Each structure stands twice: as structure tokens, then as C-alpha cells.
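Residue numbers (the numbering used here): 26 to 952. Ideal Cβ placement from N, Cα and C applies to all residues, glycine included. Source: prediction; values computed, not measured. Quick notes on the structure that follows.
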Amino acid sequence: MRTGARTETVEELLCLAWGLRQRDTRRALLLAEDVQGLLSSTGWSPERQSLARARLDLLRSEASLLAGALDDAKHSLQQALPVFQAQADAIGQADCHWQAHYLAADRGDAATLRSELRQALSFSERAGDSARALLFMANLARAEVFVDQVQAERDWGGRLPVDTSQLAAMEGAAVEDYRGLIAGMNGDYLLAIKSLATAFDLAMRSGQLRRAITLATNLGYTHTKMSDFQTAMEWLKRGLDLARGTRWPSMISLCLAHTGEALRRLEQRSDARELLLECLRLNSRYPDSRTHALALSYLGSTELDSGQGEAALVAFGRLGQAASIAQSLDLQVDAQLGLARAELMCGRFTTARAHAQEGLRLAREQHEPGNEVDLLWVLGDIQQAQDQALQGQEAAPAPGAASGAAGLALGWYQAALQRAQTIPAYTPPVRLLEATAKAFAEVGDFEQAYQWSQRASEARQRSFNEDAARRSSALRAHHQIESARAESEHLRRLAESEAARFQLLRDSHEVLQHLGQIGQEITNELVAERIFAVMERHIHALLDAPCMAVYLLDDGGQQLYCAFGMENAEPFTDPPIAMSSTRSLCVRCVRERKEYLLGEAPPSDLGEQVPGTSSQQSLLFAPLGVGERVIGVMTIQSPRAKAYGERQQLIFRTLCSYIAIALDNAGAYLRLSEMQRQMMAQEKLAALGSMVAGVAHELNTPIGNSLLIATTLLSATQDFVQRVDGQALRRSDWQDYASRTLDGLGLINRSMETAAALVRSFKEVAADRSAEQRGSFGLRRLCEHSVQSMGERLRKAGIQVEIDVPEGLRLEGYAGPLEQVVVILLNNALMHAFEGRSQGRLSLKVEAVGTERVRLEVEDDGRGMPRQVQERIFDPFFTTKFGQGGIGLGLSIAHNIVSTLLGGQLSVKSAEGEGSCFVLDLLMKAP
């Protein structure tokens, strides 16, 4: 596990470890170690980290308990509890007391067990955790059943829900476990089996293996009560298999104890004794546990059935001691009953009677009528055995003495039968009826003896019938449970299938959605290098592809060249591959236009190793196609065998489609850019030609005029020099020469000024204005000044000017160039918009656009202009008035100033006959 994992990941690991603590204890402990090492890198607060460590201690405590290391479990628990107490974490404290109740159970401390459960319940209710509260309540109710069943039913029966179908699996298992125990103790074994089987399924589903093992053994015990020994052994074997799989000593001991009891009832006493002794050895470290007590009880019964009275006395004596320490009345009654029978078998009647009477007292305290019947019956057997022993000692008993002694035994039997009649649905044992008949015969009441003998015979037959009925009911219940379990399993698998299908669809939708976003990102790029960078990043995120390459067809389609190659973040190049190659998988992929997947290294006769790269195990090739055209091939490769499944192929195929489109667009963009560069060069040459022609045309007139006048003046001067040399000059000749020279020089001067003005305007097109002065200025004042500078021309042309500029609107930038632009626009309108009209209207309108820009509109109501004029209106030397005073540089100069110096935009909107509007989009603060 890497350091610096995300906080969510640590939280998930902690929850996973907690959930696996019984389902897979070893893995849970490994996850706990990972979480312990990552806590310091999560950025959690110290308090939260300490709570997490306490939760891990609680997990280790449970793991130690399950492994039988009770002292280690107690130590980890004592480390966790103070942390939860210090931070007033009620749920943490509840879980600690829940763990403590298990620790008490394995130590056989029933009083502490119940106390810990009450505290767990109290803290869960304080935390408002109803689920935990119900779980703890059901377990407390179950624990108190063994103390006083009647009181437990009275206290908890109404508080626990009857219908568990809507409960979570963990709480439902606990409630059904309690219901099954009550039903079994009341003799309703069918209901007990149904409840316990439901609890077992819920426990397995929620990962409560400890409860599931206990329930399996209880189901086995309940089936033995119904004489369904085959099903009983199946459940016991299931529980034992689960216990051995977990290697938890306490659970293995429990299963061994119940399996031994089932074997005893099947009269396999030797096997039963062996399992019970193994259980006692395995559980010898915890002699006070309930499992140890049960094993002693079952072992004592086995010894009684085998006729080993002394051995039975030892077993039941140890059971009595353990039951007293655990304050378990039901086991104390079992111990006294077993001791009474063992003492009777050994012929010690006085001690046997004392044990039976003590057991009868305890049974009456616990309100266990079934045990009362057994103990009254044993008292009768003791009396009868004692009487027979006395009769054997006397040679000739006194008249009436035998009948009097037999009458005492008969009284006990009748008391037992009377108590049995008070128990609903209880059938007296056949042996008790036979003992009663024998007692009546011994007192000489043969009529009653015959009647009780008949009743015993009927009871035996009825017992056989009931036994068969019980077996049939058990089989029916087993069938119903198995059918319900099969149906539940079918529905569960169906639900899992639907959930898996839904998850698959959702994952596919998310993948496709993600791939769509990736495709959009890839196809947005128009440069191959950027496409490859985006492609590499996303492929590494989605697929195991340490090696990838893209090969593209050359223009002639004769070979593939490596446009991109990367292995372990290191670029590589591959020489061009001829399309005639028979070994290259890339060539085959392009030629056949289909994907190739190799899950293992390709054979030696197929594929060519790129120089400088490592050998790969999994190779995936896909053609890069756009419509019907294939432009190349892409491959991803991995050192892992079978790295690419159906899902990976789908992702790769989709990415290849996007990459092919992006690369084709990049190629088209490259060709278009080249074409644009060529067109721009041609346009520049055409514009330069047009500009040169315009300049030549405009300069031709003043220069031609100047040349003509200069030639004339030269000829006149030469003639004048000849006259001077001939001394034939008159005053009039001097005056005529001076007049013509002045006129000619004036004309030459004016022509040269015109030519100089043209040159200056031409220079303005590409002038560097970085030296212009920058400052803050009012926009309304600038517009008014621009209009005033052209006031005379505007008045002569009959043009009305409207200025709609807010007062106080100030810009920061270059006032002079902006005023020059406005003057150019006004002059352009004067020259072109109102031709053939004696009046017109011009407007200057300004409005703010947000907080950083303004829009200045110069609009006229003149004749407008066609589309072809609008397309070239800002080109240098484009004018519709060549030779009529227009030189085609004004708007080009204005456009240059606005777009470069002022950092804005200049555009035009116009239609023929509807006037024109020039729009300046300017920054309030020029760059």
C-alpha cells in the first residue's frame, strides 16, 4: 500500500477491515496494518486518528477472542475503551461493551455477559443508533432466557419486532435467533427450526460466522429433539465445517459438543464420548464457559446411557460447579438431575434423593415444568429402587410393608403425571407410564395397573406415530426451508445479476461518457504533437499500456512511418515499414482493416521487434480509419499476458476512432494553413502590385507635370543664355523670362508637395506609433474637437453633425491617434457618402460595454456601399475615386491605428441606399 493515499481510500479500507473481521479475519488484520501505517498521511485531525486506532484495537480484540487468546483480546479491548470514553464516542463505547460481552461468554461469566450487553444497549440508545440498539436488545433477551425464561419473555417479547423481513440481515438474525430459542424451549420445534434456519441464512449473509456456527449447532440439536437425526447430523456437520474453516477454538468446541449429543441419541456412545472428550480438552482453558458446561452435561448423559455411574457422577459434578459459577439455572437443574440418576445407578439412594429434591426446587424456581416431571419421576425411581433393595435384604417382609413402600414410589409417579397434565401439548414418557403401572401392581391395585399398562402401550404406539409424524413434519419443514432457501438464493442471484447488469450498464455509460469527453478533448487539437500528448495521458489512465505507437501512411501509401512511439515514458523511433512487408502486424492491420489481439508474445515468424524496445506479452493493433480511408495504425502493448479483454478493446477502439479523426483534421488543418499562407502571399503580392500601381498612378501626374515644366524651363533658359551671349536682350525679354520661370517653378513646387504628401501617407500605413504620448482624456471633448477641425467643410457640404457622447466618459490611451481616426472617418463620409447631395446627416454615438470597453459609432445617412466594397475597404490603396482625389490610404491607416496602437477593432456595417456605420470597439485602457 502506497504512502499518501487519499483520505477516502483510508476510510474505505478501515470500513472494509471492520466488515471482514469474522468473514475473513486474516485479511481484516492485514488491512488493519495497512490503515495503521497510512493514518499519519491522511491529514485527519489527531482526534480522528486516535478514534481510528481505537477501532483497529477493537478489531484486533475480536480477532484474538476468536482465536482463543482471551487475555490478548482483553488487553486490546482495554486499549480501545479509554479512547472512546475520552472523546465521548457513544458508538465506540457501545461496540466495546458488545465485544466485552463476547469475552464474558467465552469465559463463562453469564452475569458479566448480561451486564455488558445492558451497557452496550444503553450507549447505542444514547447515540441514537437504532440498528445497534435492536441487535444488542435481541442478544440481551436471549441471554436472559437462560436465567428466567418466563421473565425474559415478559420483558422482551413485546419489544422485539415480530416481522423481521424488513430488518437488516444482522439485526434480523439476532431477533430470529431469540424467537427460535424461545420456541425450542417451549417445545414448538417446527417454529424453532424455521426461526433458527432464517437466522442462519441472515447471519451468513451479513458475515456473522460466529452466530451462524452457533445456529447450525442449535438447529442440529432441535432436529434431534424431533428424532430427525439425519437432518440433525447434516446441520451439525455444516456447523463443524464452518468452525474448522475459521479455526476458532470456541466454535469448534461448541460444534463438537452438539455433535457428540446427537451421536449419543443415535446410541453411538463410543463416538459421542470421543467427540465430547475432545471438546473438553480443546476448551480446557475456559472451564467456566457454557460450551464446557454443555459438553459435561452431554458426557454425563453418555456415561449414564453406557451404565458408567461413577464416570457420570464426575461429569455431572463438574457441571454443577460450572453452572453455579455461571449462575445458569437450566444447567444447574441438568446437573442435579444427572447427579440424582448417577447416584441411583450407584445405589446411593439418600444422596440421589437429595440431588433430585434440590433439582426439583431449582426447576420450580425457573418455571421449567418438563424438568419438574423428570425430577418427580426420578424421585419415584429412587424410592422404588430403595424399596426393592430393602425387600431383598429382608427374608420375609412384614405384611403391608411392601405395599406401603410401593405406595411412596407411586405417589411420586402420580405427582409427575399430574404435573405433566398441566403442560400444554406434553405427552408423558412411556417409561413413566410403565413405572406407574408397575407401582400400582406392587400395591395390589391390578385394575389400575392394567389401565396404566394399557395407557403405556397406547402411548408407545402413539409415540411411534408421533415420532413418525415429527419426522414427517421435520422433513416437510426441511423441504419448506430448503425450498424457501432455494427461492431466496434464486432471487438473490437474480438480484445480483440485475445489480451486476445495472452496474455494467452504468460503468459502460460512464466509460462512454468519459470517452466522449476524451474524444472532444482530442479532436479539439489541431496539432499532431498536442494530439499525441493528450492521447498518451488518457491511454495511461484507462489501459495497461506502457508501450504505444502510432504509424501513419505516407502520401503515396507505400510505407508506414512512426509518427509517435513511447515506452515507459521514453520516446522511440522506428524506421519506415514498407507496405509490402509480410511480417509486420501494423501492415497487416492496415491492409486488412481489422484489429489484431495477441494475448501472448507473437510467434517468431510474425511481428518485428522495434530496435531499443523490450519484448511484450500482450499486443493490440487497430487501424486508424476515417470513413472509408485508412490513414494509419495504432498499437498498445503490455508485458502482462492477456492484459486486454473485451472492455479494454472497446475503449481502445473508441479512442482510435477519435485519434484518427483528430489526426485527419490536423492534416487537413496543416494543408489548409499552407494553402492560406500561399494565398496570403499571393494576396500580398497582388496588393503590393495594386499598391505600386496606385502609387505610380498617383505620383505620375505631379512628377510628369514637374518634368514637363522643368524641360520647358530648361529650353527657355538655354534660349535665354544664347541671347545673353549675343547681347541681344531687351528689358521685355528679362521680364518675360522671369515671369515664365516663376510660374514654372511654382507649378513644380506644387507638384512636388503633392508627391511628398502621397509618400507621407504611404508611410503612415506601417508607421511605428510606440512613441505616441499616452494619457487620460475625455471622449466627448475629443469628438467635438474632431468635428470643429472639419467645421468649414461640413458647413459647405450642408452636413449636420450630432454628437451623443456621455459627459465624464474618460479613456486612458492615445488621444492624438484616436482623433486622427475620427477625422479620417468624417473625411471619408464627406468624400463618398453624400456624392450628388446638398445635405446630409452624420452622428457620433458612444456607449459603454461593460466596465472595460466602449463602442464608438460614426454613422451617416448617405448612399451606402455594396458588399464587394466592404470586403476591401480597409485594404491599402483601395479607393473608388482613383484620379478624383482619393488615394485609398485613409481607412487603411485608421484600421492600423485602431488594431495595433489602441488595441481595439474597426468594422463597418452598410447597405446600398441605407447609409454606413463605422464601429470602433475600444478598450477604456489602451494596452
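Below 8 Å, enough C-beta pairs join the stretch 300–311 and the stretch 269–286 to call them touching: three or more.
The C-beta distance from D82 to S101 rounds to 5 Å, short enough to fall under 8 Å. Comparing C-alpha distances from A574 to each of I661, V655 and H563 shows the shortest one belongs to I661. Bridge pairing for A873: V879 [DSSP]. By the CB criterion at 9 Å, P600 and S639 fall outside the cutoff.
Secondary structure note for P636: it is in no beta strand (DSSP E), with a DSSP letter that is neither H nor E. Taking the Cα of C614 as reference, the smallest distance to any Cα among L645, C587 and R294 is reached at L645. Annotated three-state conformation of Y621 is strand, per DSSP. The Cβ atoms of L738 and T766 sit closer than 9 Å to each other. Given a length threshold of 4 residues, each whole run of the alpha helix (DSSP H) inside the stretch 95–168 is given here in chain order: 95–111, 115–132 and 135–152.
Apart from the 5 residues on each side of it in sequence, A257 sits with its Cβ closer than 6 Å to the Cβ of G245, H248, T249 and A287 in its chain, given in chain order. In the structure shown, the three-state DSSP call for T50 is helix. Between L540 and L680, the C-beta gap is smaller than 9 Å, which places the two residues in contact.
In the three-state scheme derived from DSSP, where H, G and I count as helix and E and B as strand, S605 is classed as coil. DSSP places Q583 outside both helix and strand once states are collapsed to three, so it counts as coil. Of the residues assessed, F527 falls on the exposed side of the cut-off, its CB having fewer than 16 other CB atoms within 10 angstroms. In the structure shown, Y576 falls within a strand segment according to DSSP collapsed to helix, strand and coil. M591 carries a strand assignment under DSSP once its states are collapsed to helix, strand and coil. M659 sits buried, since 16 or more C-beta atoms from the chains shown fall within 10 Å of its C-beta. In the structure shown, A92 adopts coil according to DSSP, grouped into three states. When secondary structure is reduced to three states using DSSP, P727 falls in the helix class. Taken in chain order, the unbroken stretches of alpha helix (DSSP H) that lie wholly in the stretch 242–298 and span 4 residues or more are 254–271 and 274–290. P107 and A145 have their C-alpha atoms roughly 15 Å apart.
For the pair S220 and R487, the Cα-to-Cα distance works out to about 27 Å. For the set L433, G838 and L457, the Cα lying nearest the Cα of R444 is the one of L457. Here DSSP, grouped into helix, strand and coil, assigns L344 to helix. Considering only A92, S86 and L45, the residue with the shortest C-alpha distance to Q104 is S86. Contact annotation, A130 with R315: C-beta distance approximately 7 Å; criterion of less than 8 Å satisfied. Following the DSSP letters along the chain, one finds S643 inside the beta strand (DSSP E) bounded by residues S643 to V651. In the DSSP assignment, F374 falls within the alpha helix (DSSP H) that extends over F374 to Q391. Of E72, A77 and Q47, the smallest CA-CA separation from E58 is found for A77.
By the criterion of a C-beta distance shorter than 7 Å, V612 is surrounded in its chain by L585, I602, M604 and S606, once the five residues flanking it on both sides are discounted.
One alpha carbon belongs to Q191, the other to L206, and they sit about 21 Å apart. The beta carbon of R678 lies closer than 8 Å to those of E620 and A647 in the same chain, with the five residues before and after it left out. Under the DSSP assignment, R654 falls in the beta strand (DSSP E) whose first and last residues are R654 to S663.
Looking at the backbone, the Cα of R888 and that of S801 are separated by about 36 Å.
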